[in-house]
Amino acid sequence: NAANIGVVGLAVMGSNLARNLASREGNTVAVYNRSRAKTDELVAEHPEAGFVPAFSYEEFAASLQKPRTAIIMVKAGGPTDAVIDSLLEVFEPGDIIVDGGNALFTDTIRREKAVRETGVNFVGMGVSGGEEGALLGPSLMPGGSDESWVTLGPILRSIAAVAEGEPCVTHVGHDGAGHFVKMVHNGIEYADMQLIAEAYDLIRRGTGKSPAEIAEVFAEWNRGELESYLIEITAEVLRQVDGETGKPLVDVILDQAGAKGTGAWTVQTALSLGVPVSGIAEATFARSLSSHPEQREISRDLPGPNEGFTADDADAFIEQVRLALYASKIVAYSQGFDEIRAGAAEYGWNIDLGKIAAIWRGGCIIRARFLNRITDAYVETPDLSVLLTAPFFVDVFTRAQDAWREVVATSAKVGIPAPAFSSSLAYYDGLRAERLPAALIQGQRDFFGAHTYKRIDKPGTFHTLWSADRSEIEAEDTH
Ligand code: 6PG
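10 is the number of the first residue of the sequence shown in the UniProt record's numbering; add one for each residue after it.
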């Protein structure tokens with residue numbers, strides 16, 4: 010019983026996480042993979058890790074101290090269920106199974122419930138930071154029981170990224186809470202990436218700068234308030250030259266964005282919760298639009314604006330785009346946190362939103378300087394219902410106001426698609442509006458379906474007799 014932790018699934022994420030675990034004082038790591046070759050390879054390549062290889066689930070269980078703790082790093086869905094079933098055959102009550110894949114949180118809720126009945130603990134854990142994060146320090150979002158956190162907490166703290174002295178891990182909440190938060194993290198990731206892509210596109214088409222020149226713009230931005238991992242890697246990608254053609258790599262990559270589904274889950278879940286994550290939705294749909302070459306092909310000759318577009322003052326335009334990006338980015342994060350808040354209420358999780366922002370400061374893909382401000386906002390007002398109304402963000406909106414509108418107006422005028430920029434602004438204005446045309450929607454609903462409405466001047470529910478004398482009656486509330 011030499012190992013205190015085990016890893017099942019030794020593809021890149023699994024083997025990097027296993028190496029990370031092994032590199033920390035006090036850990037001995039058992040490793041198992043369905044095909045033996047991967048295990049042999051990992052053990053041979055990393056003798057320094059002192060791995061305890063296992064070639065069957067029985068061996069794997071026998072090599073672990075009790076309570077046995079195993080992190081599964083396999084494909085979400087069927088493969089995860091298969092590994093859980095196998096582990097349950099050899100694990101005992103009190104042992105802990107951690108799923109570190111990108112599982113759908115409702116699957117995690119289902120699995121946690123089923124596994125708990127056997128007495129084994131099941132923890133769905135969000136892991137962010139890609140391959141490098143897994144190896145050097147990811148941001149970790151575990152759910153599951155308080156009991157499993159007692160054993161797991163110290164181990165996870167030892168391998169997580171560190172931001173301002175704090176390990177980037179917290180017990181997010183029970184059952185599926187960790188995977189829910191990871192899902193929203195990915196939704197925000199989609200929005201952030203789309204906003205950056207729109208900024209790049211506007212600058213390129215508006216100033217004629219080359220990708221290498223725009224790389225310098227992003228590198229510069231990364232030294233200021235927009236400092237973040239995604240801005241940093243954007244500069245790297247834009248700088249890259251294709252070995253074969255000598256062109257900028259970004260010009261030879263096919264412009265059809267892939268997606269593994271977490272962005273869509275975030276939007277689907279938000280739709281069921283009634284949370285307007287419009288920036289995340291637009292980012293997800295922008296990927297879908299890009300991935301329909303046949304539709305794009307037959308649409309290429311649709312009429313567009315007559316004028317071409319060159320910004321009068323390139324530097325001023327770039328600064329406007331920077332401000333528009335910052336404002337839109339705050340909207341995307343605010344929408345994401347709104348979804349976490351709504352999810353927590355719906356599923357009964359006690360999630361500390363400020364803490365979530367804090368564990369995203371290091372290790373994960375959306376790590377950014379301004380996450381500190383989100384933590385501050387929730388520390389100051391724990392029940393803040395609209396994050397973007399926190400004073401720090403209001404200051405940004407004040408500064409960015411004209412630029413944001415100018416950039417969205419320009420994109421519409423000259424025909425450069427900026428769905429995430431413009432939907433963020435529309436959301437912002439929707440929140441600000443004193444009256445919304447939702448009143449008209451209610452009138453229409455009442456007209457064709459007697460769906461009733463409420464009045465601003467007295468309590469009760471009302472219906473207008475549209476097809477009779479159009480007088481108003483009190484009615485039963487049908488929503
Ligand atoms: C992370 C990422 C990661 C995700 C990829 C791919 O936090 O490390 O979110 O978990 O799987 O970014 O996502 P898409 O393939 O959907 O873009």
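Glycine included, every Cβ here is placed at the ideal spot set by N, Cα and C. Computed from a prediction, not measured in an experiment: that's the story for all the values here.
Asked	Found
So for PHE103, helix, strand or coil by DSSP?	One point to set straight first is that residue 103 is Gly, not Phe, in the sequence displayed. Looking at GLY103 - three-state DSSP - the assignment turns out to be coil, as it is neither helix nor strand.
Between which two residues does the beta strand (DSSP E) containing residue 489 stretch?	In this structure the chain extends from 10 to 488, so residue 489 is not present and cannot be described.
Following a CB-centred definition, is SER300 positioned closer than 7 Å to any heavy atom of the ligand 6PG?	no
Please say whether LEU96 and ALA79 have beta carbons closer to each other than 8 Å?	yes
Below 8 Å on the Cβ atoms is my contact criterion, and I expect ARG378 with GLU234 to pass it. Report the Cβ-Cβ distance as a whole number of Å.	7 Å
Return the chain-ordered list of same chain residues with a C-beta closer than 7 Å to the C-beta of ALA11, the five sequence neighbours on each side being excluded.	THR37, VAL61, SER72
Determine, using beta carbons only, whether LEU204 and LYS422 come nearer to each other than 8 Å.	no
Taking contact to mean 3 or more Cβ pairs, one atom from each stretch, closer than 8 Å, check whether the segment 169-186 and the segment 120-133 are in contact.	yes
Under a Cβ-count criterion, where at least 16 other Cβ atoms within 10 Å of its own Cβ denotes burial, should GLY304 be classed as buried or exposed?	What sits at residue 304 in the sequence shown is Gln, not Gly. Looking at its Cβ environment, which holds fewer than 16 other Cβ atoms inside 10 Å, GLN304 is exposed.
Considering only their Cβ atoms, is the gap separating VAL181 from ARG166 smaller than 8 Å?	no
With a cut-off of 8 Å on the beta carbons, I'd call GLY128 and GLY103 a contact; round off their distance for me.	7 Å
Here's a check: name, in chain order, each residue in its chain whose Cβ is nearer than 6 Å to the Cβ of ALA85, leaving out the five neighbours to either side.	GLY110, ASN111, ALA112
Just checking CYS177 against the ligand 6PG - is the residue's beta carbon closer than 7 Å to any of the ligand's heavy atoms?	no
Would you kindly work out how many angstroms separate the C-alpha atoms of THR271 and SER308, rounded to a whole number?	29 Å
Using only CA atoms, which one of ALA320, VAL193, LEU26, GLU253 lies nearest to GLU284?	Note that residue 284 is Val in the sequence shown here, rather than Glu. Among ALA320, VAL193, LEU26, GLU253, the Cα nearest to that of VAL284 is on VAL193.
Are at least three pairs of beta-carbons, each pair with one atom in the segment 319-328 and one in the segment 168-177, less than 8 Å apart?	no
Taking ILE365 and ILE349 to be in contact with their CB atoms under 8 Å, please state how far apart those CB atoms are, rounded to whole angstroms.	7 Å
If we ignore side chains and look at the alpha-carbon of each, how far apart do GLY152 and GLN329 end up?	41 Å
Just to confirm, is the Cβ distance from ALA58 to ALA39 under 8 Å?	no
Near LEU26, what residues of its chain come up, given a Cβ to Cβ distance below 8 Å and the 5 sequence neighbours on each side ignored?	VAL16, ILE80, MET82, GLY109, VAL136, ALA143, LEU144, PRO147, ILE168
Can you give me the Cβ contacts of ALA200 inside the same chain, cut-off strictly under 7 Å, excluding the 5 residues immediately before and after it?	GLY288, ILE289, ALA292, ALA341, ALA429
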